[in-house]
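Data first, discussion second: the structure below is written as structure tokens.
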Ligand SMILES: Cc1cc2nc3c(=O)[nH]c(=O)nc-3n(C[C@H](O)[C@H](O)[C@H](O)COP(=O)(O)OP(=O)(O)OC[C@H]3O[C@@H](n4cnc5c(N)ncnc54)[C@H](O)[C@@H]3O)c2cc1C
Ligand code: HEM
Ligand code: SF4
Ligand code: F3S
Ligand code: FES
């Protein structure tokens, strides 16, 4: 029997409740990345319908121009905005920008990398995503 | 390929995509939403060569970025030489497949083969 | 058959002494196999707790001298130190500090980039080299990390060594239990370095790690070596309440005051010249005298204590130089040294005694060396100065590591393996302890033993107390505590704990016997019934040998080279 | 004369009590882990480690737990306490604010028994990143003095040198939760500790080692490592700064 490594597993990886907003951002980043990938593949397929001529295109368009379709699109917009804005934050972070400067830590320890700059980044990506989704809904349903 | 090269590409594609997707969406927004989706206007867009080139670029960038992202998630979920090789090549194949399929649409539409 | 593995050199213990020895040996004998065996994971050793500093003369250009370091050490020892040994340490130390620096030690620095030093008790020059207040921790890290370079060092993490195997003259191997799997092993080897550290957990109020029990001392004792000067137990003046965790002497080195309940710096009565920075034995006695004369405080646990005042140092200086003790006092005692007075009390902190070795760290068995706190090469005599212990560990770690390699390379090893000794050791621990029966809780016995030591052999001692203590301990020993209720093999710490207790009994007895025999007051050994030092009758070391009935006590001369004993005044 | 002895074991009238739930599991014998409950008394300063040892001493000698220094410097006693990785000796019962204290072995480490876990992988990863000064003259030749290093230069790495190898960060990290080959925040932070040391010249060789498909790139700046670190090491910062070198943001 291979040794049980006692890993926390996917449940532990996904659990967003324990380590603050940074861990929520981590999870949303993953989910939105996957969601966008799925949408992207679907979108390529969708647009390929143009090859079927005007009738084919319109047929397909009708399938998506429903309430569910619009809601789905709104989520895609949200994911896209979140993933993009948070992606920029993450890239800056990965490059060492805004993660604080090394310094003697004083008890009680307060890790400099978990700072307000990045927290603001996370919250603003969430807010922007929500705003974008609402704007999208307004446009789509506003017809 | 070294992991750092792959990841630099990942970040690079992301950055480039930010710009291009922004243009893509902005162009959609210059028109009324429903109008923008009308067959004629879509087709016209495809026929406009600079726009078609941009679409092709977006296609490549996002496919590379997205499938590499998928690869990252998958190799973190489970380890093993064979599995990781399968994931890497699988993602590469899917990436190429999607680019080919998308390019077909763009090229054919652009050349007026519809 | 008992499972067996083999090394050229076995190092038992992975504290500062053990790791320094490992590096010295690995460098000198790159083709020899070195095994570091430790009952805790290698870098979890007690040495990580050392806080304040490591003594060495670095600033001869500013007036410090090696000579002065030697004299301070000898005077601090109340003239019981072997002076050639003290000299050796002081001469070797400066380059060891620089060697540690070359290996990556994060020493605290002066603005010009040179290594900084701070003041410590009993020195006539500030020569405690420090790295904030985590000296031992950083030294351990530096040595551990440097060890990672060497491919010929292997680490046996969490192996409990139980005995030393030799053929009457020459070392052959050790027996050990791998705690993880519970397997009993023989580890064969050509040479052994014992670096099992101090035994401060003989006392219940102690600064030591919970793993600091006298297993190594007892192992040597049972193998026929002598324990030397065990009656000299150092009590550090400032253990914080209620845990007993150390507040480093560096706190006073940086300018901290000791206050009694009149708000006076009472040290002016006892050592006006050095005040709070008198050697530890003197400060601890002063605190106890103050308490007995009614000028102490009561802690909320009901224990008498004294106050340590660091407030005038200011928050910034405390954070910079005493960050570790700031964390400790806020977390464990709820007292912020920048705002509150700390509740402190003398606490068991160091064993001057240990396995009897010569100046090279060689023991009485060929092929066995001892280094660090487990050894007694008599560098500290009857009272160690702060910061001299990590120095000792490093210097003799290096010396013994190199000598052991020389010995291995210059001898042939063909003697037949003494199977019967392994068999009898297996019987001793498995039949005698693991499968033993009885209904007395060994943990409660251990508590009573350590409480007895605390009550009867504390800062001030006297004949009645000591004899009573010895009697209590012998009575406790007779009870039926030799059994292990945990029957599993894997990670059986219950088994290890009972073996530790077994060794504690033998060593505690020697501490008390030594103290009873020494009818004088010298250094850390302070008898109210014999308050004066007696150089006529007691200017000698105490040796104790194993005997199944009662330890055999002997004496050993002190090496005096240039400093004749004089009255010790600060 | 009476000299008051042990202090930590005395129970004053202020003692309260909690239920301590200890995860028990011996992979050699048991199918799965089970909780055993004990009622223990505590004072405001009692740590979780003391409570566990209290159980070991008085109720059940067989509880398997690793400990040594009891002052948060040796890194032995990491475990999951009420759902989060913490040091048992550095967590007071009173600060948990709960009537039930649950202790489990750390995640992402194989269990040896009960609360004790195997550390081999952490030690191996640590060794892999070459945790020592790399330059030609590390071995002292007789009369050499120290390498000069200003206090400001020390400040560049001292934070990361505080790591006690307790493994809490590895236990909290989301990548570690599924990736058995990831080097982990502990080792990566140590790689940065040495790279940032002005005395070191081994940056390139270390960057090469961690540039692996299970190396530094598997950190997504989730930050959980820094949130659980009991010593203020902030591995997340070290890792991002290190990656800054690899991305060419820093030199
Ligand atoms: C709180 C505190 C602070 C101190 N501060 C200072 C200071 O500032 N300056 C100074 O100079 N000195 C200081 N000292 C003293 C100094 O730290 C110690 O004397 C020194 O660390 C001892 O190191 P060592 O290598 O001899 O042994 P230790 O570090 O105690 O190591 C003992 C080793 O032996 C192993 N071992 C024991 N028994 C067995 C067995 N049966 N089988 C296998 N392995 C075994 C243990 O696992 C451990 O690895 C301090 C001491 C304390 C208690
Ligand atoms: C347009 C702007 C985008 C930016 C700035 C961006 C940025 C990033 C970044 C920085 C990462 C790395 C995250 C990490 O390592 O923690 C990432 C991951 C990922 N991205 Fe994007 N991305 C963008 C668009 C997209 C799109 C459109 C898709 C879908 C096709 C996508 C799919 C993914 C996936 C699947 C991942 C892996 C998720 C993870 O590892 O957490 N991204 N992105
Ligand atoms: S970085 Fe912090 S949490 Fe991680 S091992 Fe080191 S001390 Fe523990
Ligand atoms: S939690 Fe893990 S993902 Fe990175 S920032 Fe810390 S290593
Ligand atoms: S016992 Fe050493 S860190 Fe907790």
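Residue numbers (our numbering), protein chains in the order written: chain D, 1 to 143; chain F, 1001 to 1114; chain Z, 2001 to 2570; chain B, 3001 to 3251.
No residue lacks a Cβ here, since even glycine has one placed at the ideal position from N, Cα and C.
All values derive from a computational prediction rather than experimental measurement.
Asked, Found
"Quick check on DSSP: helix, strand or coil for residue 2572 of chain Z?", "In the structure as shown, chain Z begins at 2001 and stops at 2570. Residue 2572 of chain Z is therefore absent and cannot be evaluated."
"At what residues does the alpha helix (DSSP H) containing residue 3037 of chain B begin and finish?", "Premise fails: residue 3037 of chain B lies in the beta strand (DSSP E), 3034 to 3042, not in any alpha helix (DSSP H)."
"Is there at least one Cβ from chain B nearer than 7 Å to residue 26 of chain D's Cβ?", "yes"
"Between the alpha carbons of residue 47 of chain D and residue 1081 of chain F, how many angstroms are there, rounded?", "37 Å"
"Please name the residue or residues paired with residue 2350 of chain Z in a DSSP beta bridge.", "Z:2234"
"According to DSSP, is residue 57 of chain D part of a helix, a strand, or is it coil?", "helix"
"May I ask whether a heavy atom of ligand 2 can be found less than 6 Å away from the beta carbon of residue 31 of chain D?", "no"
"Please identify the residue among B:3248, B:3246, B:3223 whose C-alpha is closest to the C-alpha of residue 100 of chain D.", "B:3223"
"Pull up the distance between the alpha-carbon of residue 2098 of chain Z and that of residue 3031 of chain B, whole angstroms please.", "54 Å"
"Taking Cβ to Cβ, would you say residue 1087 of chain F is nearer than 7 Å to residue 1013 of chain F?", "no"
"At a threshold of 6 Å, does residue 2069 of chain Z count as lining ligand 1 (C-beta to nearest heavy atom)?", "no"
"For residue 2566 of chain Z, which option in Z:2067, Z:2404, Z:2249, Z:2533 has the closest C-alpha, if you only look at C-alpha atoms?", "Z:2533"
"The alpha helix (DSSP H) spanning residue 2009 of chain Z covers which residue range?", "That residue, residue 2009 of chain Z, is in no alpha helix (DSSP H); its beta strand (DSSP E) goes 2009 to 2012."
"Can you tell me the Cα-Cα spacing of residue 3041 of chain B and residue 3187 of chain B, whole angstroms?", "38 Å"
"Using 6 Å as the cut-off, classify the Cβ of residue 2440 of chain Z as near or not near the heavy atoms of ligand 7, replying yes or no.", "You won't find ligand 7 in this model; what it holds is ligand 1, ligand 2, ligand 3, ligand 4 and ligand 5."
"Tell me which residues share the same chain as residue 3232 of chain B and place their Cβ nearer than 8 Å to its Cβ, disregarding the 5 neighbours each side in the sequence.", "3159, 3162"
"Out of Z:2133, Z:2120, Z:2155, which one is the CA nearest neighbour of residue 2019 of chain Z?", "Z:2155"
"Would you say residue 1074 of chain F reaches chain B, if we count a Cβ-Cβ gap shorter than 7 Å as a contact?", "no"
"Closest by CA to residue 2197 of chain Z, which one among Z:2045, Z:2306, Z:2270, Z:2238?", "Z:2045"
"DSSP three-state label for residue 3164 of chain B, please.", "coil"
"Helix, strand or coil, according to DSSP, for residue 2548 of chain Z in the structure here?", "coil"
"Are the CB atoms of residue 2404 of chain Z and residue 2193 of chain Z nearer to each other than 7 Å?", "yes"
"Do residue 3064 of chain B and residue 3116 of chain B have their C-beta atoms closer together than 7 Å?", "yes"
"For the beta strand (DSSP E) containing residue 3079 of chain B, name the first residue and the last one.", "3078 to 3081"
"Could you confirm whether any beta carbon from chain D is found closer than 7 Å to the beta carbon of residue 3243 of chain B?", "yes"
"Using only the heavy atoms of ligand 4, determine whether one of them is closer than 6 Å to the beta carbon of residue 70 of chain D.", "no"
"Specify the secondary structure class of residue 3008 of chain B as computed by DSSP and reduced to three states.", "With a pLDDT of 43 at residue 3008 of chain B, under the threshold of 50, the modelled position of that residue is not reliable, and the figure given next carries that caveat. Three-state DSSP puts residue 3008 of chain B in coil, outside helix and strand."
"Does the contact criterion of 3 or more C-beta pairs under 8 Å hold for the segment 39 to 56 of chain D versus the segment 1098 to 1106 of chain F?", "yes"
"Please tell me whether residue 3217 of chain B and residue 1003 of chain F are closer than 7 Å, where the distance is taken between their beta carbons.", "yes"
"Hey, is residue 1002 of chain F's beta-carbon within less than 7 Å of any beta-carbon in chain B?", "yes"
"Around the Cβ of residue 2216 of chain Z, are there at least 16 other Cβ atoms within 10 angstroms (buried) or fewer (exposed)?", "buried"
"So which residues of chain D does residue 2319 of chain Z contact, with C-beta pairs closer than 8 Å?", "104, 106"
"Quick check on residue 2 of chain D - is its C-beta less than 7 Å from some C-beta in chain Z?", "Its pLDDT being 47, under 50, residue 2 of chain D is placed unreliably in this model, and the value from its coordinates should be taken loosely. With 7 Å as the cut-off, residue 2 of chain D does not count as an interface residue toward chain Z."
"Taking DSSP's pairing of strands, which residues face residue 2498 of chain Z in a bridge?", "None; residue 2498 of chain Z has no bridge partner."
"CA-CA distance, residue 1093 of chain F and residue 3226 of chain B?", "38 Å"
"When you compare only the Cα positions, how much space is there between residue 2001 of chain Z and residue 3138 of chain B?", "45 Å"
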